[in-house]
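So the structure is just underneath, and the comments pick up after that.
Number of protein chains: 2
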Amino acid sequence: MEFELTILGSASATPMLGRHHTAQVLTVGREPYLIDCGEATQERLIEQRIRFGRINCVFISHLHGDHFFGLFGLLGTLHLQGRTEPLRIFGPAGLDEILTTQLRCSGTPLNYDVDFVAVDTERHQLIYADQLVQVYTLPMRHRIPCCGYLFREQPRRRRLLKEALPDSLTPEQLQALTRGEDLRDEAGHVWLRHHDVTTEPPAPRSYAYCSDTVYQESLAELVRGVDLLYHECTFLHEMLDRAQQTGHSTARQAGQLARLAEVKQLLIGHFSSRYRDLQPLLSEARREFEPTQLAVEGLTVTL
Amino acid sequence: MEFELTILGSASATPMLGRHHTAQVLTVGREPYLIDCGEATQERLIEQRIRFGRINCVFISHLHGDHFFGLFGLLGTLHLQGRTEPLRIFGPAGLDEILTTQLRCSGTPLNYDVDFVAVDTERHQLIYADQLVQVYTLPMRHRIPCCGYLFREQPRRRRLLKEALPDSLTPEQLQALTRGEDLRDEAGHVWLRHHDVTTEPPAPRSYAYCSDTVYQESLAELVRGVDLLYHECTFLHEMLDRAQQTGHSTARQAGQLARLAEVKQLLIGHFSSRYRDLQPLLSEARREFEPTQLAVEGLTVTL
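These protein sequence lines are chains A and B, in that order. With the UniProt record's numbering, the residue at position 46 of the first sequence is 46, and numbering never jumps. With the UniProt record's numbering, the residue at position 255 of the second sequence is 255, and numbering never jumps.
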């Protein structure tokens, strides 16, 4: 089953040619989860051929425009596409008022319901779960309320050992075995142990999205060991003062956090427009943590 | 002096690869006037190398998202660029509430003032004038309040005939002559007639922007003889019913209006995403009015 992240935008607040505002899609199975939604995210989704009618959950980190101004256009296009299923939007309080005002003043009621869930950006807690993933908030420290999101795949099914299976099991019996259940006869006696005909499932995968924030060592505990960590790095470390003033991190700090948290891979993004060349940011992060990549437009990381 | 129009977006509500939401810039002299501001207009301005710090007036036709969702990002970027001069925004009532809510909920006060002017979309009237242009509303008939804008260049200066000018005129005297004033001595007697040393100024140029609307013959009187008319044509005429239901026009109707109004040139735009190939729309309009062009991204028409 797919578990992959596609980067739609790498820019910080000031966009530039070819560098767009923050948005990402985590695809689990056939389910795309949209994470932040900077201006023109719908155009990025079209470019990446991601069918956005399939999106059911959107996670907004904070209310700076470069992280959510694309929501209005996306909602409108979903309406025009004839969507009827509700859309769930997670984000800081205030976003619902913005959306409601917009829709009312422009006289465009939507065909579908928007279920807005205000998240507490100060706490690390489970906010959503479905058959595929659990999603937790990650408190960020920025200039306004802001949180990241941690996606943990639900435990996967055990794998069937075809050569060890007796013939003529029903689909229901096969399903039970992959869930780790033994098969019993009418008297309740086990006649087939799941351990004998299945192997351990692959480990659940995880992705942590750390949006705009100053460096916080406390994050390391919350994202320990994740398969993929995204951490913003708006500046090089030589601009640490500016990073702290504006509520951002440096490339070195992103690398430090990844090392401290013993994650498997690091993605860095949200680059200041002062950096036309991103290699110095990548090099700086890699000196702290080698398995680092630039989170640039169109990059897909498959876990 | 420049008087030219640049098209930033040709799409109607549903965007597609390479076709963006409506926005245009009319540049008069060094002054860019922004007309509508669909999502990601700031990226289009960057692509076209239009310095948007110079924009002082924005004209919004109506509150469907494909005509104004780019305003938020643009306002934010102007703030980050350190703008301090006020920005004037003309548009239907309601836009001010949307902007105010957005700025308040996202905790981002701007460095500069936004002077919002609510326009009466039902009337044809002068709403703005500066040294370069006069701007009038053009009532549209759409699903929500909507107006177009008519730009009329201010009368230009008479041209000096160098060979006919006496030596040693002061700059002030030359200026007076180009304004059509005669020069007089201290006793009030004319000693140099402007007619003898200047020629008639070139005719003022004009541009009419007809945003989303059904066909209205009454528009012809308001835009009679303009140098350039933009008229939406969302559909081919075979879809006239759909055009009327959705408050739009057909390519044939755009051509008919241009012919009826005896304009010099016609631009058609706001194409439905059902038309991958725009040639049929162009051909249909040209059968009514030959000097027609497609208003596609990056097109610049110099008048």
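Here a beta-carbon is modelled for each residue, glycine too, at the ideal position from N, C-alpha and C.
- Considering only beta carbons, the part of the segment 31–53 of chain B lying closer than 8 Å to chain A consists of Glu39, Ala40, Gln42, Glu43, Ile46 and Glu47, in chain order.
- At a C-beta separation below 7 Å, B/Ser61 has no neighbours in chain A, since its nearest C-beta there lies roughly 12 Å away.
- Residue contact check for B/Ile144 against chain A: a CB pair falls below 8 Å.
- A/Leu80 reaches chain B at Ala13 and Thr14, counting residues in chain order whose Cβ is nearer than 8 Å.
- With a threshold of 8 Å between beta carbons, B/Thr77 makes contact with chain A.
- Taking a contact as a CB-CB distance under 8 Å, the pair A/Ala251 and A/Leu236 counts as one, their CB atoms being some 6 Å apart.
- At a cut-off of 8 Å, the C-beta of A/Cys147 has no neighbouring C-beta in chain B.
- A/Glu97 reaches chain B at Thr101 and Cys105, counting residues in chain order whose Cβ is nearer than 8 Å.
- For A/Gly73, the residues of chain B that pass the 7 Å Cβ criterion are Glu39, Gly65 and Phe69, in the order they occur in the chain.
- In this structure, the beta-carbon distance from B/Ala13 to A/Gly76 falls below 8 Å.
- Of all residues in the segment 237–252 of chain B, none is placed with a Cβ closer than 8 Å to any Cβ belonging to chain A.
- Cα atoms of B/Arg51 and B/Val25: separation of roughly 11 Å, rounded to the nearest angstrom.
- Here the alpha carbons of B/Ile46 and B/Leu8 stand approximately 10 Å from one another.
- Contact annotation: B/Pro204 and B/Arg158 have beta-carbon atoms that are not nearer than 8 Å.
- Residue-level contact by beta carbon fails for A/Leu8 and chain B, as no gap is shorter than 8 Å.
- Spatial neighbours of A/Gln48 in its own chain (CB-CB distance under 8 Å, excluding positions within 5 residues in sequence) are listed in chain order as Thr6, Leu8, Val25 and Gly298.
- Between B/Tyr149 and B/Phe59 a beta carbon distance of about 5 Å is seen, short of the 8 Å cut, so the two are scored as contacting.
- Contact of A/Leu17 with chain B by beta-carbon distance below 9 Å involves Glu43, Ile46 and Glu47.
- A/Leu278 carries a coil assignment under DSSP once its states are collapsed to helix, strand and coil.
- Listed in chain order, the beta strand (DSSP E) runs fully inside the segment 56–96 of chain B are 57–59 and 87–91, counting runs of at least 3 residues.
- Cβ atoms of A/Asp66 and A/Thr121 stay farther apart than 8 Å, at about 17 Å.
- For a cut-off of 8 Å, the C-beta gap from B/Ala220 to B/Leu260 is around 4 Å, short enough to register as a contact.
- Proximity of B/Thr22 to chain A, defined by a Cβ-Cβ separation below 8 Å, is not satisfied.
- Three or more beta-carbon pairs separated by less than 8 Å link the segment 187–201 of chain A to the segment 155–172 of chain A, which places the two stretches in contact.
- Excluding residues up to 5 positions away in sequence, Glu39 lie with their Cβ nearer than 6 Å to the Cβ of A/Phe69 in the same chain.
- Using a CB distance cut-off of 8 Å, A/Thr108 counts as an interface residue toward chain B.
- Listed in chain order, the non-local C-beta contacts of B/Gln102 below 8 Å within the same chain comprise Phe72, local neighbours out to five positions each way being set aside.
- Assigned with DSSP and collapsed to three states, B/His231 falls in strand.
- Distances from the CA of B/Tyr230 to each of B/Asp241, B/Gly247 and B/Asp212 were compared; the closest alpha carbon is that of B/Asp212.
- Relative to the Cα of A/Phe151, the nearest Cα in the group A/Arg54, A/Pro145, A/Asp113 and A/His124 belongs to A/His124.
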